[in-house]
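Shown next, in structure tokens, is the structure this report addresses.
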Amino acid sequence: MDGFKNPEIVSNRLKDMRSLREQIPKMPCIRCGEVYRGYEENFICSSCLERERRIRDNEIQRRRVVKHLLEESGVPKRYRGAELKPIGENQIRVVEYFRENFIYKENIDKSTDILIFGSIGTGKTYLSCGFAIEFIKKRLLDVKYTTEYQLLNLFFMKRYSEFEKFRDSTVLIVDEIGKRELVDWQKIQLEELFSHRYNEMLPTIYITNLLQAQFKRFIGERLVDRLKENSIKSFGFGGDSLR
Ligand SMILES: [Zn+2]
Numbered sequence: 038m039d040g041f042k043n044p045e046i047v048s049n050r051l052k053d054m055r056s057l058r059e060q061i062p063k064m065p066c067i068r069c070g071e072v073y074r075g076y077e078e079n080f081i082c083s084s085c086l087e088r089e090r091r092i093r094d095n096e097i098q099r100r101r102v103v104k105h106l107l108e109e110s111g112v113p114k115r116y117r118g119a120e121l122k123p124i125g126e127n128q129i130r131v132v133e134y135f136r137e138n139f140i141y142k143e144n145i146d147k148s149t150d151i152l153i154f155g156s157i158g159t160g161k162t163y164l165s166c167g168f169a170i171e172f173i174k175k176r177l178l179d180v181k182y183t184t185e186y187q188l189l190n191l192f193f194m195k196r197y198s199e200f201e202k203f204r205d206s207t208v209l210i211v212d213e214i215g216k217r218e219l220v221d222w223q224k225i226q227l228e229e230l231f232s233h234r235y236n237e238m239l240p241t242i243y244i245t246n247l248l249q250a251q252f253k254r255f256i257g258e259r260l261v262d263r264l265k266e267n268s269i270k271s272f273g274f275g276g277d278s279l280r
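38 is the number of the first residue of the sequence shown in my numbering; add one for each residue after it.
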């Protein structure tokens with residue numbers, strides 16, 4: 038033990054240790070290229086490992102959010118695999134607008150409402166569900182799909198908290214508007230819901246099999262004025278049925 042007190046011995050020991058260390062090969066981290074000494078092949082340094090762990094955790098978290106939003110979206114089972122892939126001119130225009138108006142727009146408050154009208158079987162539902170799925174995956178925000186009937190039925194069944202989830206969703210898609218004649222309370226509820234969304238600056242996608250003029254008659258003068266004020270964007274889906 039006395040040897041440790043001798044400066045010469047200490048310095049020799051240190052030299053030995055240094056030379057031993059220098060015998061260990063230099064290994065670059067295969068991620069960042071930083072060189073360390075070690076024997077490990079395909080070596081990854083601790084800061085790269087840490088960064089990769091964080092990315093992995095974020096991805097797990099992101100998937101969890103997407104899964105939850107999809108489950109809550111109301112997109113029917115049949116359309117869970119729907120993609121935002123347009124067929125034909127009409128659909129291309131709608132898809133471009135969906136992306137421009139919702140997916141790339143930073144502030145959803147500034148998104149306009151959309152009306153899609155056209156005969157049954159022209160792919161309106163498929164495309165809007167495809168949009169909902171893409172919107173959730175890209176923006177991690179909630180969008181809900183429902184039909185006029187489902188909405189009014191929630192209200193009728195006094196399932197108000199579910200009704201409110203639709204009413205207050207960031208983007209709401211209401212399909213099959215005007216499919217049947219509505220009685221007064223239904224008209225009032227529907228108008229209230231659309232007005233609420235208008236006032237809260239929550240964009241709505243209206244889908245109907247009615248012609249544009251019929252649709253306007255159906256939802257009433259007051260709402261039509263508001264939609265115009267909100268510079269609603271209309272798209273007509275005509276042409277041959279996809280079914
Ligand atoms: Zn590294």
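We put the CB at the ideal spot given by N, CA and C, even for glycine.
With contact defined as three or more Cβ pairs closer than 8 Å, the region 251-266 and the region 130-143 are not in contact. The nearest non-hydrogen atom of ligand 1 is less than 6 Å from the C-beta of Cys85. Taking Leu247 as the centre and dropping the five residues before and after it, the same chain places the C-beta of Phe154, Ile214, Gly215 and Phe255 closer than 8 Å to its C-beta, in chain order. DSSP links Gly155 through a beta bridge to Phe274. Restricting attention to Tyr116, Gly75 and Gly70, the CA atom closest to the CA of Leu57 is found in Gly75.
Of the residues Ile242, Lys147 and Ile170, the one whose Cα lies closest to the Cα of Thr184 is Ile242. Taking C-beta atoms as the reference points, Val112 and Leu177 fail to come closer than 7 Å.
Taking C-beta atoms under 8 Å as the contact rule, Asn127 and Phe272 qualify, at a distance of about 7 Å.
Membership of Thr245 in the beta strand (DSSP E) is indicated by the continuous run Thr241 to Thr245. At the C-beta level, Ser165 and Ile210 come within 7 Å of one another. Judged by beta-carbon spacing, Glu201 lies beyond the 7 Å limit of Leu191, meaning their Cβ atoms are not closer than that value. For ligand 1, no non-hydrogen atom lies closer than 6 Å to the CB of Glu185. At least one heavy atom of ligand 1 sits closer than 6 Å to the Cβ of Arg68. Scanning the region 121-182 for uninterrupted beta strand (DSSP E) segments of 3 residues or longer gives 151-155, listed from N- to C-terminal end. Between the alpha carbons of Gly125 and Leu219 lies a gap of roughly 34 Å. DSSP, reduced to helix, strand and coil, places Val208 within a strand of the structure shown. When DSSP states are grouped into helix, strand and coil, Ile214 belongs to the strand group. Remark: C-beta atoms of Leu106 and Asp179 approach each other more closely than 7 Å.
Between the region 169-176 and the region 226-238, the count of Cβ pairs shorter than 8 Å is below three; the stretches do not touch. Val72 places its beta carbon less than 7 Å from that of Pro65.
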